[in-house]
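Undergrad:
Protein chains in written order, with the numbering used here: chain A, 167 to 786; chain B, 72 to 665.
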């Protein structure tokens, strides 16, 4: 069958109407989350169970299953939402699905046992609108994620998809798009926060017949998966934004750069591009205009530095992923030497919505120079680990406690790492900081691309700094000396400190090395790599000192600093500890008190576990 | 022009200058390491970082362009502290073998430490034991590598060979051939341009000095040396003589003082090369003009780096190469046949040493085919730098040596042979002879220099119309010979791609593997003089012009050689001794394996 080609606004409207009509007769819609988190908790079994049961009961015409992108509460997947009732079920299995069909879809009564439990009140909250995690969010970039089937261009069109493109072509024109973007205050969501409208304008003004749009989907911060969720859950919104960019700056070709670790995103993106092409939305003479544009997906091999825009360009060109010196900036000499505009996935996701609804609407969210919303990946010791989108200006406390549900196990909050390995940590004293570009920078952290790693009282910040440095060192491209060798030296010092071998000068050396690296490294990755060290040195210096001077880890994390001791009075000399010690670190004669050789001890704790006389204790 | 302020000093600089260049104009030196003027600026070492008012970070002055109104400080505490920390990072895991390193007192890393005032650096790191990659020409010691990547630029951008690149990432980054294979296994041409730019002892020529000393100390051996034309234009630099000083006579004297039994001149081999190559060219062109199917353009084969390059990259075009051996191999073969017979010495008791401006000659001398009846043409090759080290270690006062001459009968040469050492020289020498043979007249250019092919542009071309051809060369009458000259393998790639595409308009092409020719070869002294190529070339042209005989075929000793021994140029014996064959290879020698 030949595919219907969309060539006018009316075609879009027809599809929108037809799609909505086709769904009118269903009694209920069942949204099953098909985000990466829920895939790993086996949402496929839930969908299969639904289809099987519905077929058995011959209810195909009544209930309609939608496999969506990420709904957001990843820690509690697979998630299922029943519409129009607005009821959320968590940790759904095939069996639970069958029960929900029988009792809720057919029977009309909510199966409360499978609904969300509020961690503070310990009560079930079935209504999604009453759950703080959802009600406090404002979804713009994630407007379709978790709502519409990611694999349907009709569904995207039915939700105003590709109307922004039509509006740009028919009304705004290229200059108009730039004006709207500038007025909206949208800034780059990849971390740097550069005004998106100004960037597009520089692309528009750049001279040359060949220009490129590039979408940076090389999200590499540990624990961050905002871009992945958007690419998987709403690929058409990014395609449309790339088209808008191409139209505005005058590019005929765009590249998606997505890391190979995101196979689902790549698959869905490619499928969506094919679909858009089949509908005539990509290719020649888009929507009857003289604008032609096409897209290609390039897969990155997973080097963190390829998220840096110039290294990314090198990688697309087939070169080693190493940054280029700026200037020239990509808008001057970018991909293959031509003017290129590079936007992050989340930045792009906002743009079609801004074009359709207007700059004023978008700028009504946010605070100061930080307009709109920001998507965060909540990770670490937090109850509602997952993807959230909040209006900027919200207090960090609300993000951590109201949306995030607080620390797991009711533990005390200690710190939050904002901005991934390039960012910095904030302490309990900073919980009332407003989450926006300026306020976070003022504290020594950064907004970054949106990774928020919450850490509870059992976290050792020296060890955390070591972790981030290990990451930074591992991901250094090796081009410039300060990043290549400097991060290695910092890592060695941190490794020494957590092993109890730190020396007094270490703090000074760490600080000098960190400052030099920030000051002299070639690219953003190197310049920010020591940030976790600098902020932990600033806010948790006492922990460093305890490790170095007292050989003690206040958080009881660093194994090397534990000491297992035998209480001479309590020890009866039963020898069981010595027999079980894997390194023969325990000596002593039968019926005489035993003794642990601290040099030989590997701090495994087996002796303490085996002692029947509570004679062994651990000292931190 | 732009105006800026550096260290409070007002400086005017041309638009587009880097901060480093602008500072230099104002008499302010900024320490650098990875930077190499006009060749390499990638900002890898960051040692040249300076403070720019308004910039958040220190800026790498070698790449950041100066702007009008810029305010720069190159000596603030922030800058000085950063430099010292960076230097510390650079040297703390660098082998502390300076006293025994071949680059001792000639090392840019050492020099930088001195400039910075020998900064304290953190405790010496564990330095891994050496794992040398020793190829016939080049030895790599990655422990001494500071990852400045000058070699990467030389190999990839300048030469377009692509034999080495950064491997792995972060602290594990290494400069090496793909998959850390030995240099010898891949498409390295052994040109040594990487060695010349290396600031430390990470890339050096594979030393053959000991081999030569051992031979000199062996009473059983007659040790016979020859020196290439380009050596005489550069060796003086190793003894602090000005760049471009001609040291031909001192070179001959020094070689004799070192104890070589005979001191011959590769120039003689060059003259023989011209006779052989010129004859080959004429016979190819004659056949071509008569409509026979012969391979043209013919391409010179004196440069072993180039020969290896074409074997790897354009193996199907090998028939274009002249079958002539390079001059020093020709001379080696003649020493062990013609001369051995003359002095009645068993060629097996002769040890031939070539002093070359080139690292690839080491590899070339070890090519399987470089022998006559199992007797190696050349037994050892040392570079100009190695010879300087030998002279120094022998306690010879080079600068004050009395002048001496090369030995008979393989020491006399024409001016055409001298210019073999500079780009365009082989072509000019060949045409001086060929034109004269065809017409009986000297080539119609002022001072016999074919002006369009003199100079350092990557590709130079010329057209020469032949007038007054002798009856036996009547096919050439009125023919316009089209020639092209290139130095550096990037230019060779361009010309070879034309040949591949069938669009090459030329009859004869000269390729020298190194940009500028042998004067700037991989075995030559490292020069900080920006115009070292021009100055060394001038020395060779002066040498040429100072000679009475300017064309190779007029060299009486060469004429005697043919008359007494070889017979006809390109004849049977000449072929056996002076010509060679080539091996198609592919990128990783894959054709060899088949």
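Backbone N, C-alpha and C define an ideal beta-carbon position, used for all residues, glycine too.
#1: With residue 222 of chain B and residue 269 of chain B assumed to form a contact (beta carbons below 8 angstroms), what rounded beta-carbon distance in angstroms separates them?
#2: So, is residue 101 of chain B buried or exposed, given that buried needs 16 or more other C-beta atoms within 10 angstroms?
#3: State yes or no: is the C-beta of residue 189 of chain A nearer than 7 angstroms to some heavy atom of the ligand SAM?
#4: Is the beta carbon of residue 632 of chain B less than 8 angstroms from the beta carbon of residue 638 of chain B?
#5: If distances are taken between C-alpha atoms only, which option among A:356, A:627, A:212 and A:186 comes closest to residue 264 of chain A?
#6: If you draw a straight line from the alpha carbon of residue 267 of chain A to that of residue 221 of chain A, how long is it in whole angstroms?
#7: At a cut of 8 angstroms, does the segment 387–405 of chain B reach the segment 365–373 of chain B through at least three beta carbon pairs?
#8: Under three-state DSSP, which class holds residue 149 of chain A?
#9: Report yes if the CB atom of residue 154 of chain B is closer than 8 angstroms to the CB atom of residue 122 of chain B, and no otherwise.
#10: Measuring alpha carbon to alpha carbon, tell me which of B:115, B:263 and B:140 ends up nearest residue 124 of chain B.
#11: So which residues of chain B does residue 387 of chain A contact, with C-beta pairs closer than 9 angstroms?
#12: Quick check on the DSSP output: the beta strand (DSSP E) that includes residue 319 of chain A runs from which residue to which?
#13: Between which residues of its own chain and residue 416 of chain A is the CB-CB distance below 7 angstroms, once the five residues before and five after are set aside?
#14: By the three-class DSSP mapping on this structure, what secondary structure does residue 699 of chain A have?
#15: Do you know offhand how far residue 655 of chain B's Cα is from residue 206 of chain A's?
#16: Which residues does DSSP list as the beta-bridge partners of residue 361 of chain A?
#17: Take every Cβ of the segment 581–598 of chain A, pair it with every Cβ of the segment 304–324 of chain A, and state whether three or more of those distances are shorter than 8 angstroms.
#18: To the nearest angstrom, how far is the alpha carbon of residue 217 of chain B from that of residue 344 of chain B?
#19: In whole angstroms, give me the CA-to-CA distance for residue 450 of chain A and residue 459 of chain A.
#20: Can you name the start and end residues of the alpha helix (DSSP H) that residue 202 of chain B belongs to?
#21: So which residues on chain B does residue 645 of chain A lean against when the C-beta distance must stay under 7 angstroms?
#22: Within its chain, find whatever has a CB closer than 7 angstroms to the CB of residue 756 of chain A; leave out the 5 residues flanking it on each side and keep chain order.
#23: Roughly how many angstroms separate the alpha carbons of residue 487 of chain A and residue 761 of chain A, rounded to a whole number?
#24: Please say whether residue 232 of chain A and residue 246 of chain A have beta carbons closer to each other than 8 angstroms?
#25: Assuming residue 562 of chain A and residue 539 of chain A are in contact, meaning their beta carbons sit under 8 angstroms apart, how far apart are those beta carbons, in whole angstroms?
#26: Might you give, ordered along the chain, the residues of its own chain that have their beta carbon closer than 7 angstroms to the beta carbon of residue 168 of chain A, omitting 5 neighbours on each side?
#27: From the beta carbon of residue 679 of chain A, is the nearest beta carbon of chain B less than 8 angstroms away?
#28: Looking only at C-alpha atoms, which of B:208, B:212, B:207 and B:206 sits nearest to residue 200 of chain B?
#29: Can you look up residue 176 of chain B in the DSSP assignment and give me helix, strand or coil?
#30: Which residue wins for smallest C-alpha separation from residue 302 of chain B, given the options B:454, B:289, B:325 and B:156?
#31: Would you say residue 724 of chain A and residue 713 of chain A are within 8 angstroms of each other, going by their C-beta atoms?
#32: Check distances from the C-beta atoms of the segment 234–257 of chain B to those of chain A and list, in chain order, the residues that come in under 8 angstroms.
#33: Would you report the Cα separation of residue 656 of chain A and residue 680 of chain A, rounded to the nearest angstrom?
#34: Identify the contact partners of residue 333 of chain A in chain B, using a Cβ-Cβ distance below 7 angstroms as the criterion.
#35: I need the straight-line Cα distance from residue 103 of chain B to residue 622 of chain B, nearest angstrom please.
#36: Where are the alpha helix (DSSP H) runs, 4 residues long or more, that stay fully inside the segment 286–318 of chain A, in chain order?
TA: Per the coordinate set shown:
#1: The C-beta distance from residue 222 of chain B to residue 269 of chain B rounds to 6 angstroms, short enough to meet the 8 angstroms contact threshold.
#2: buried
#3: The ligand SAM is not part of the structure shown, which contains no ligands of any sort.
#4: no
#5: A:212
#6: 12 angstroms
#7: yes
#8: Here chain A covers residues 167 to 786 and nothing more, so residue 149 of chain A does not appear.
#9: no
#10: For the residues B:115, B:263 and B:140, the minimum Cα distance to residue 124 of chain B belongs to B:140.
#11: Residues of chain B whose Cβ lies closer than 9 angstroms to the Cβ of residue 387 of chain A do not exist; the shortest such Cβ separation is about 17 angstroms.
#12: Unbroken run through residue 319 of chain A is the alpha helix (DSSP H), 319–324; no beta strand (DSSP E).
#13: 370 and 377
#14: helix
#15: 54 angstroms
#16: Bridge partners of residue 361 of chain A according to DSSP: A:353.
#17: Two segments are said to touch when three or more pairs of C-beta atoms, one from each, lie closer than 8 angstroms; by this definition the segment 581–598 of chain A does not touch the segment 304–324 of chain A.
#18: Spanning the two alpha carbons is a distance of roughly 42 angstroms.
#19: 7 angstroms
#20: Here residue 202 of chain B belongs to no alpha helix (DSSP H), and DSSP marks it neither H nor E.
#21: 115
#22: 739 and 741
#23: 54 angstroms
#24: no
#25: The Cβ separation is near 15 angstroms, so there is no contact.
#26: Reliability fails at residue 168 of chain A, whose pLDDT of 44 lies under 50, so the model's placement of it is uncertain and no value is given.
#27: yes
#28: B:212
#29: coil
#30: B:454
#31: yes
#32: 236, 237, 239, 240, 241, 242, 243 and 244
#33: 8 angstroms
#34: Result: empty, since nearest Cβ-Cβ is about 39 angstroms, beyond 7 angstroms.
#35: 46 angstroms
#36: The segment 286–318 of chain A contains these whole alpha helix (DSSP H) runs: 298–301.
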